[in-house]
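Report on the structure given below.
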Amino acid sequence: MFFLVIKRILLGLITLFIVSLITFVGVEILPGDACTTYLEREAYGAALEACYERLGLNVPAYERYISWAAGVLQGDFGYSLSGDMKINDVLGPRVKNSMVLASASILIGIPIALLLGIITALWRDKMPDIIISTIAIFSMTIPEFVSATLLILIVAIWLEWLPGIVIVPTGVSVYELLPNIILPVIAISMIMTAHMARMVRSSVIQVMASDYVQMAILKGVPYWKMVFKHVLPNALLPAINVVALTIAWLLGGVVVTEVVFNYPGLGRLVIESISNRDLPVVQALAIILASIYVSINLIADLMTLMLNPRLKSLQIKK
Amino acid sequence: MNNKKEKQKNILQKILEILKTMASKPSGLIGLTILVFHVVLAITSPLYVPHDYKAIDPTLMLTPPSSEFWFGTDSLGRDVFTRTILGGRTALTVTFFGSLIALLWGGALGIFCGLVGGKTDDIVMRIIDAFLSIPWILAMLLIVSLLGTTTLVLIPALGFFYGKGIVRVARAATHDVIAKDFIVSARARGHSNFSIIWNEILPNVRDAIMVEGAMRWSWMLLGFSSLSFLGFGVSPPTPDWGLMISNARGLMSFAYWAVLAPIFGLSTLIIGINLTADAFAKALGIDRSTKAPV
């Protein structure tokens with residue numbers, strides 16, 4: 001068990017190491033470097049030399065990678081090109097804002113998803129299931145920017161209930177941010193809830209068809225007792241991993257949602273830094289987003305391991 | 001020769017059978033209908049568009065829907081109906097070829113890894129994991145912003161980024177068949193690796209890979225239109241739904257029609273592909289609802 005945990009953590013770290021290599025090599029082999037893309041047409045002669053000098057781009061690539069990676073390990077991502085700010089100072093408030101948005105969406109989304117998933121599974125192919133599943137298919141297939149745009153059109157423009165876009169500066173406190181996040185949270189949690197509810201549904205259906213549940217029914221265990229004691233614990237465990245993968249996958253969608261609502265989070269920074277051709281910031285973002293992805297998956301893996309004695313012994317046997 | 005014809009006939013029969021199973025459920029029938037409608041529309045729409053899609057007319061800015069302009073006009077006075085029925089062409093072409101590429105390289109690498117196993121497999125899967133953990137949007141935006149937004153960049157880039165998930169599926173499917181007796185006996189008969197892959201493994205993993213490819217198609221469409229929406233996809237004045245939504249969004253308090261029409265086009269196409277992919281998976285006996293969208 002202990003070794004298994006260590007192994008998972010090591011695998012996660014290896015993945016992050018490869019991510020750092022990929023982003024570094026990727027930026028290296030794509031045409032243009034930080035200086036030529038940043039200076040654009042003025043990228044020649046003394047200005048280019050000075051830029052190379054300033055960013056230390058005139059040393060061999062592997063040396064730059066090592067010094068960059070060493071900085072990242074110490075939590076220092078270097079300097080951004082536009083504005084000459086430390087990347088850490090650029091990232092700090094953005095990370096906080098995105099965390100607020102993500103945690104609110106997850107806190108609202110997961111309980112609703114569980115509830116809807118269980119309802120649709122228990123009333124399978126009956127009215128509640130058909131209605132909820134149809135709505136779920138709509139909200140999970142329609143792109144984030146479409147549902148977000150529709151939300152703004154209906155709630156903000158036609159009904160005038162809430163402001164349509166977020167107009168707060170990047171560094172505001174969480175308290176000031178909260179009223180602004182209602183629509184973005186609805187947009188994100190709608191898609192997340194739909195994905196998760198669907199998985200919970202099929203997981204519950206699978207368990208309901210299993211031998212031990214059939215046995216419990218034959219034994220005459222009361223329906224709700226059976227659901228809570230036999231079905232749910234067994235159905236929700238395998239769902240944890242899938243839910244984690246879904247949350248991680250939605251990171252990409254959050255980028256788009258933040259742009260639609262003009263929300264000052266990491267997602268908008270992705271677009272801003274790419275539009276500004278600020279490659280050091282792009283590299284930092286790739287590492288940070290990949291770390292989030294790896295940690296979410298790691299936590300889910302560990303949670304399933306801790307909670308499921310069956311899986312534990314199985315893994316050791318392997 | 002005769003044998004080959006027989007084989008072709010069998011494949012045709014199988015395809016018809018799958019289509020029949022797909023159409024036997026209402027959701028599959030709806031999905032297929034929508035998809036066929038969109039494909040036909042995309043192919044034939046240039047023949048009957050009522051207006052020029054790039055004709056700018058300042059006197060007709062943001063006019064509401066009328067008998068002449070069915071869906072009204074946009075902020076440059078262009079006919080929204082014309083642009084909407086043309087708007088899926090690029091998206092459909094790019095994502096179709098993109099998912100074909102994804103299917104081919106993902107499937108091939110997955111089968112290869114599943115077959116050889118060992119160190120090679122370990123290393124490739126680590127790299128795939130690393131690629132999976134970089135959000136697709138960041139990587140796509142970076143590539144597109146450095147290499148340009150032409151179709152020739154978008155198709156391979158999308159194909160590459162959406163194929164990495166297929167590697168996993170193909171590898172897992174290969175693992176499932178690799179230990180079966182018929183593979184062992186093919187090995188014992190002295191068949192080459194290539195013959196084993198082509199004749200024994202491929203027929204058994206084909207279904208799983210194809211379902212995965214169909215799912216990728218809808219996600220790729222989502223990704224492509226997101227790129228367009230963000231201004232990193234199709235370049236104007238080419239009509240494209242994502243781009244149209246992003247352009248019309250700022251003015252939707254005055255002219256909701258300019259944003260609703262492309263939203264309708266894009267949403268129906270994505271829902272159509274999704275329902276079709278679902279029905280396709282069910283017809284082949286694969287439940288895709290337990291899988292995470294990776």
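These protein sequences, in sequence, are chains A and B. For the first sequence, the working numbering assigns the number 1 to the initial residue and increments by one for each residue that follows. For the second sequence, the working numbering assigns the number 1 to the initial residue and increments by one for each residue that follows. Beta carbons are placed, not taken as given, at the ideal position from N, Cα and C, and that holds for glycine. Predicted model only: the values in this text are computed from it and were never measured.
Listed along chain A, the residues sitting closer than 7 Å to Y256/B by beta-carbon distance are L153. For the pair P64/B and G77/B, the CB atoms are not nearer than the 8 Å cut-off. With fewer than 16 neighbouring CB atoms inside 10 Å of its own CB, Y48/B falls in the exposed class. Residue pairing from DSSP places Y79/A in a beta bridge opposite K86/A. For V259/B, the residues of chain A that pass the 8 Å Cβ criterion are T149 and L153, in the order they occur in the chain. Just so you know, the alpha carbons of I191/A and E49/A end up roughly 48 Å apart. Between A121/A and M215/A a beta carbon distance of about 19 Å is seen, past the 8 Å cut, so the two are scored as non-contacting. Here DSSP, grouped into helix, strand and coil, assigns T238/B to coil.
The criterion of a C-beta distance shorter than 8 Å is satisfied by F24/A and Y65/A. In the three-state scheme derived from DSSP, where H, G and I count as helix and E and B as strand, D74/B is classed as coil. Nearest in C-alpha terms to I142/A, of all of A208/B, L222/B and G233/B, is L222/B. M303/A and K219/A have their alpha carbons spaced roughly 32 Å apart. Under DSSP, D79/B forms a beta bridge with T73/B. Interface flag for T141/A against chain B is set, since a Cβ pair is found closer than 8 Å. The three-state secondary structure of N204/B, taken from DSSP, is helix. Chain-order list of chain A residues neighbouring R249/B: T149, by C-beta distance under 7 Å. Taking all protein chains shown into account, D181/B has fewer than 16 neighbouring C-beta atoms within 10 Å of its C-beta and is therefore exposed. Residues of the stretch 81 to 105 of chain B with a C-beta atom less than 9 Å from some C-beta of chain A do not occur.
The stretch 92 to 106 of chain B makes contact with the stretch 149 to 164 of chain B; the number of CB pairs closer than 8 Å reaches 3 or more. Note on geometry: alpha-carbon atoms of S145/B and L154/B lie some 11 Å from one another. Rounded to the nearest whole angstrom, the C-alpha separation of A284/A and I87/A is 8 Å. Close to R126/B, with beta-carbon spacing below 9 Å, are these residues of chain A in chain order: L11, I14, T15 and I18. Nearest CB-CB separation between F131/B and chain A: below the 8 Å threshold. Spatial neighbours of L236/A in its own chain (CB-CB distance under 8 Å, excluding positions within 5 residues in sequence) are listed in chain order as L114, V200 and S203. Residue state for Q8/B is assigned as helix, using DSSP reduced to three classes. When DSSP assignments are scanned along the stretch 106 to 178 of chain A, the uninterrupted stretches of alpha helix (DSSP H) that are 4 or more residues long and fall wholly within it turn out to be 127 to 141, 144 to 151 and 174 to 177. Not a single C-beta of chain B is nearer than 8 Å to the C-beta of Y65/A.
One Cα belongs to F97/B, the other to P26/B, and the distance between them is close to 28 Å. The beta carbons of L152/B and T95/B sit no closer together than 8 Å.
Look at the stretch 102 to 113 of chain A: it has no residue with a C-beta under 8 Å from a C-beta of chain B. Per the C-alpha coordinates, the member of R216/B, W198/B and F131/B positioned closest to A286/A is F131/B. By the rule that beta-carbons nearer than 8 Å mark a contact, L32/B does not touch chain A. The CB of L222/B comes closer than 9 Å to the CB of T141, I142, P143, E144 and G253 in chain A, given here in chain order. A104/A is positioned such that its CB atom lies closer than 8 Å to that of I181/A.
Residue-level contact check: I240/A does not touch chain B, since none of the beta carbons of chain B fall below 8 Å from its beta carbon. In this structure, the CA atom of M140/A is about 45 Å from the CA atom of E63/A.
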